[in-house]
Amino acid sequence: MINFYLNNSLFVLYVANNRFVTDVTATDGLWHHICVTWTSQNGDWAVYMDGAQKAYGTDLSPGVVIPGGGILVVGQDQDILGGGFNDPEAFMGEIAQLYVWPVELQPSDVMVLASTCAPYGMVEIFAWPDILGGLAGGLEPLPLVHFCRGQNPV
Numbered sequence: 001m002i003n004f005y006l007n008n009s010l011f012v013l014y015v016a017n018n019r020f021v022t023d024v025t026a027t028d029g030l031w032h033h034i035c036v037t038w039t040s041q042n043g044d045w046a047v048y049m050d051g052a053q054k055a056y057g058t059d060l061s062p063g064v065v066i067p068g069g070g071i072l073v074v075g076q077d078q079d080i081l082g083g084g085f086n087d088p089e090a091f092m093g094e095i096a097q098l099y100v101w102p103v104e105l106q107p108s109d110v111m112v113l114a115s116t117c118a119p120y121g122m123v124e125i126f127a128w129p130d131i132l133g134g135l136a137g138g139l140e141p142l143p144l145v146h147f148c149r150g151q152n153p154v
């Protein structure tokens, strides 16, 4: 299981029972491009905000394999697999352009995505249009927000 969430305004990366609390926060009321990378091979991870690497480390659950066939939960902490949701732990805000890729993005890739919203060019595990089609819990898509430097988000 991989989790990325806010705890006391700080982003936390959690992979297979190991977690790292970063000093990265995005609670200023502005749109931010957030990208998280993690690789199973040696547990390298990084958190980027608006294209710049803000936190990084190694040895976070190295060798762990995330099995396929799971469910992507966005905006809510699971206390148990597939459940244990708690309203006070829910994300309050707006999310756009959420993608999950099967490869580690390089810093140059993250910069391009953050500055242009251009497609990455790799087949995604989860793509934003697919996520919009599976909304649950009374969530609704909002009209398009133009936050991509003149680009029109899908």
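Okay, so the sequence shown: first residue is 1 according to full-length UniProt numbering, each after it adds one. Note that CB positions come from ideal geometry on N, CA and C, so glycine has one too.
Do the CB positions of V47 and A55 come within less than 8 Å of each other? yes
Can you give me the C-alpha to C-alpha distance between V15 and V21, rounded to a whole angstrom? 12 Å
Nearest-angstrom Cα distance between G51 and F91? 22 Å
Among the candidates L13, Y99, Q76, L81, whose CA atom is the shortest distance from the CA of P88? Q76
Q53 and P107 look like a contact to me (Cβ under 8 Å); what is the Cβ gap, rounded to whole Å? 6 Å
Under a three-way DSSP split, which group does D24 fall into? Before going further, note that residue 24 is Val rather than Asp in the sequence given. Note: V24 maps to coil in three-state DSSP.
According to DSSP, simplified to helix, strand and coil, what is L81? coil
Mind checking L81: buried by the 16 CB within 10 Å criterion, or exposed? exposed
Could you name the residues that DSSP lists as bridge partners for V18? In the sequence under discussion, the amino acid at residue 18 is Asn, which differs from the Val named in the question. Paired residue(s): V15.
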